[in-house]
Structure formats: structure tokens, C-alpha cells
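S.K.: With the working numbering, the residue at position 56 of the sequence shown is 456, and numbering never jumps.
Virtual Cβ for every residue (Gly too), placed ideally from N, Cα, C.
Sharing a structure, written as C-alpha cells. Questions coming.
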Amino acid sequence: MTNLNEFNKVFADLQTAFPLDQKAFEDGAKAVASFGERFAAVGYETASKSNEITVRATQESIANLRVVSVVRDEPTAYVTAFADFAQTQMELAVRVAEQLGAVAQQAQTRAVELATEAGEAVSQKAAVNVNVAAKPAKAARRKAA
Numbered sequence: 401m402t403n404l405n406e407f408n409k410v411f412a413d414l415q416t417a418f419p420l421d422q423k424a425f426e427d428g429a430k431a432v433a434s435f436g437e438r439f440a441a442v443g444y445e446t447a448s449k450s451n452e453i454t455v456r457a458t459q460e461s462i463a464n465l466r467v468v469s470v471v472r473d474e475p476t477a478y479v480t481a482f483a484d485f486a487q488t489q490m491e492l493a494v495r496v497a498e499q500l501g502a503v504a505q506q507a508q509t510r511a512v513e514l515a516t517e518a519g520e521a522v523s524q525k526a527a528v529n530v531n532v533a534a535k536p537a538k539a540a541r542r543k544a545a
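Have a look at this one:
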């Protein structure tokens, strides 16, 4: 391989021995884009549901504040109102945490399903590509021998 022509011939032989399938690259890019789109949809849906939960909780908290801020006739009524407010806010916090936890769990489950599905698709495609690529490589090896 002392001259440039021999060097070029080696690379030309490699290209014919291991041809690149442009369609396979395009299909791969489309598959990755599709996975990204579906994975992003899980994120958008999760964000939307979480937002709805927090908006409802905020509205309920404001309503609770309105109740506690009403003028009372007796000083002890303020203590009772504040205790009731604290109780309802604690119940609200527990409910919101449970709802957000359920949304997160659904998102996690869907993300794992998508990742598993993508992994299986990649494994199947890789097996097919290895078999397809092995045939010309074996032929080139026989030819070289």
C-alpha cells in the first residue's frame, strides 16, 4: 500500500463489501423521531394533568382562605376557623399528593412501555441487519481467500 491507487482501491473494495443502505438510515431516523414524538407526548400529557391538579388545588386553597378571612363576632370563632382551615388544607395537600403520584406513576409506566417497545424494535432490526450484512462480508472473505 505504498501508492495512493492501492489505498483508494482498498476503500473502494470496502464500500462494495459493506454497502450502506440509505433507506435503512432513513427508516432508522424515522423510527427515532417517532419514538421521540411518543415519548414527548407522555411528558406533555403528564405536565397537562399535573397542571390541572395544581390549578384545582390553588382554587380550592383560595376558597378556603376566603372562608377563614371572614369577620367573626367572637374571638374563639377565629381559632375555630383557623383550625378548620388548617384541617382542610392538610386534607387538600394529601389529596393533591396522591393525585400527582398517580399521574407520575402512569407516566413512568408509559415511559417504560415505550422504552421496552423501542428496545425490542431495535433488537429485531439489528438482527435483520446483521444477517443482511453478513452475506456480502462472507462473499468478500471468500473472494479474498
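Since I believe Leu-514 is in contact with Phe-425 (beta carbons under 8 angstroms), could you give me their beta-carbon distance rounded to a whole number of angstroms?
M.R.: For the purposes of this step, residue 425 is taken as the residue at position 25 of the sequence shown. For the purposes of this step, residue 514 is taken as the residue at position 114 of the sequence shown. Rounded, the Cβ-Cβ distance is 22 angstroms, inconsistent with contact.
S.K.: Taking the C-alpha atoms as reference points, what is the distance between Glu-463 and Tyr-478?
M.R.: The residue given as residue 463 occupies position 63 in the sequence shown. The residue given as residue 478 occupies position 78 in the sequence shown. It should be pointed out that residue 463 corresponds to Ala in this sequence rather than to Glu. Approximately 17 angstroms, taken between the alpha carbons.
S.K.: Taking the straight line between their C-alpha atoms, what separation do you get for Phe-407 and Gly-519?
M.R.: Counted from its first residue, the sequence shown places residue 407 at position 7. Counted from its first residue, the sequence shown places residue 519 at position 119. In a straight line, the C-alpha of Phe-407 is about 39 angstroms away from that of Gly-519.
S.K.: How is Asp-484 classed by DSSP in three states: helix, strand or coil?
M.R.: Translated into the one-based positions of the sequence shown, residue 484 becomes position 84. Asp-484: helix per DSSP, three-state reduction.
S.K.: Look at the alpha carbon of Glu-460 and the alpha carbon of Gln-524, and state the distance between them as a whole number of angstroms.
M.R.: As a working mapping, residue 460 is identified with position 60 in the sequence shown. As a working mapping, residue 524 is identified with position 124 in the sequence shown. Going from the Cα of Glu-460 to the Cα of Gln-524 covers about 51 angstroms.
S.K.: With C-beta atoms as the reference, is Phe-485 less than 8 angstroms away from Val-467?
M.R.: Translated into the one-based positions of the sequence shown, residue 485 becomes position 85. Translated into the one-based positions of the sequence shown, residue 467 becomes position 67. Yes, they are a contact pair.
S.K.: Of all the options Thr-509, Thr-458, Ala-511 and Pro-475, which has the alpha carbon lying nearest to the alpha carbon of Gln-489?
M.R.: Position 89 of the sequence shown, counted from the first residue, corresponds to residue 489. Residue Thr-458 is the option with its Cα nearest to Gln-489.
S.K.: Give me the residue from Ser-469, Thr-446, Gly-428 and Thr-516 with the minimum Cα distance to Leu-500.
M.R.: The residue labelled residue 500 in the question sits at position 100 within the sequence shown. Nearest of Ser-469, Thr-446, Gly-428 and Thr-516 to Leu-500, Cα basis: Thr-446.
S.K.: Relative to the C-alpha of Pro-536, which candidate in Lys-430, Lys-409 and Asp-413 has its C-alpha closest?
M.R.: The sequence position of residue 536 within the sequence shown is 136, counting from 1. It is Asp-413.
S.K.: Is it the case that the Cβ atoms of Val-503 and Ile-453 are separated by a distance below 8 angstroms?
M.R.: Start at 1 with the first residue of the sequence shown, and residue 503 comes out as number 103. Start at 1 with the first residue of the sequence shown, and residue 453 comes out as number 53. Their beta carbons are under 8 angstroms apart, which means Val-503 touches Ile-453 by this criterion.
S.K.: Short check: CB of Ile-432 to CB of Ala-511, under 8 angstroms?
M.R.: Residue numbering aside, residue 432 sits at position 32 when the sequence shown is read from its first letter. Residue numbering aside, residue 511 sits at position 111 when the sequence shown is read from its first letter. Sequence check: residue 432 is Val here, not Ile. Not closer than 8 angstroms, so no.
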